[in-house]
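Asks:
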Amino acid sequence: MEEIFSHQWFMREALKEAKKAFELGEVPVGAVVVCENKIIGKGHNLTEQLHDVTAHAEMQAITAAANYLGAKYLTDCTLYVTLEPCLMCAGAIHWAKPSALVFGSADEKRGFMRHGKGILHPKTEIVGGVLNQEAEMLLKDFFKKLR
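For what it's worth, the numbering used here labels the leading residue of the sequence shown as -13, then goes sequentially.
(1) Please list, in chain order, all residues of the same chain as SER(-8) whose beta carbon is under 8 Å from its beta carbon, the five residues on each side excluded.
(2) In terms of residues, what are the limits of the beta strand (DSSP E) holding ALA72?
(3) Assuming GLU(-1) and ILE25 form a contact by the criterion Cβ under 8 Å, report the distance between their Cβ atoms to the nearest whole angstrom.
(4) Assuming ILE105 is part of the alpha helix (DSSP H), what are its boundary residues?
(5) Exposed or buried, ALA121, counting other C-beta atoms within 10 Å across all chains shown (16 or more means buried)?
(6) Since GLY90 and VAL116 are thought to touch, with beta carbons under 8 Å apart, how far apart are those beta carbons, to the nearest angstrom?
(7) What ranges does the beta strand (DSSP E) occupy inside the region 9 to 48, keeping only unbroken runs of at least 3 residues that lie completely in it?
(8) Quick one: measure Cβ to Cβ for VAL67 and GLU44, integer angstroms, because I've assumed they're closer than 8 Å.
(9) Is there contact here, the region 56 to 67 with the region 31 to 38, by at least three beta-carbon pairs under 8 Å?
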């Protein structure tokens, strides 16, 4: 029960990051990296702002966490992201080696799970569907606003 509570609490922090992206006109995806119950890295999509297709929320959060730790591996960390990572981000997550990946909404079109969870490091635990409805609603509101 405590793990479910902490997953939800940290996912709410990732949702705050996603809302920052929404306000910037970016696809609203947010991510946080947690180590020893402390957020050590945050990020939200910045692809439009930076004119950089690699500036996804996960990449921003992984870089911030690695800088905080002074290390390239996030072995004792959990990455929370509001949307199932794409294949590119899954590759970065593989190399960062977090102990767990927790995501909100599944991404049927571009999510890495379409290609199999073997893309991630074998020691990375995967938990999906945490605050799925909140994450999905934010995405739907964003795309409705675009139309």
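C-beta: ideal position from N, C-alpha, C; glycine also.
Keep in mind the model is a prediction, meaning the values are calculated, not measured.
Replies: According to the data block:
(1) As a working note, residue -8 is residue 6 in the sequence shown. ASN23.
(2) Taking the sequence shown and counting its residues from 1, one reaches residue 72 at position 86. According to the sequence provided, residue 72 is Cys. The question's Ala does not apply to it. Per DSSP, CYS72 belongs to no beta strand (DSSP E) and is neither H nor E.
(3) For the purposes of this step, residue -1 is taken as the residue at position 13 of the sequence shown. For the purposes of this step, residue 25 is taken as the residue at position 39 of the sequence shown. That belief holds up - the Cβ atoms of GLU(-1) and ILE25 are roughly 6 Å apart, short of 8 Å.
(4) On the sequence shown, position 119 is the one that residue 105 refers to. Here ILE105 belongs to no alpha helix (DSSP H), and DSSP marks it neither H nor E.
(5) Within the sequence shown, the letter at position 135 stands for residue 121. Counting Cβ neighbours within 10 Å, ALA121 comes out buried, since at least 16 surround it.
(6) Walking along the sequence shown from the start, residue 90 turns up at place 104. Walking along the sequence shown from the start, residue 116 turns up at place 130. With 8 Å as the limit, GLY90 and VAL116 qualify as a contact, their Cβ atoms being about 6 Å apart.
(7) 16 to 21 and 24 to 30
(8) The residue you call residue 67 lines up with position 81 of the sequence shown. The residue you call residue 44 lines up with position 58 of the sequence shown. Correct: roughly 5 Å between the Cβ atoms.
(9) no
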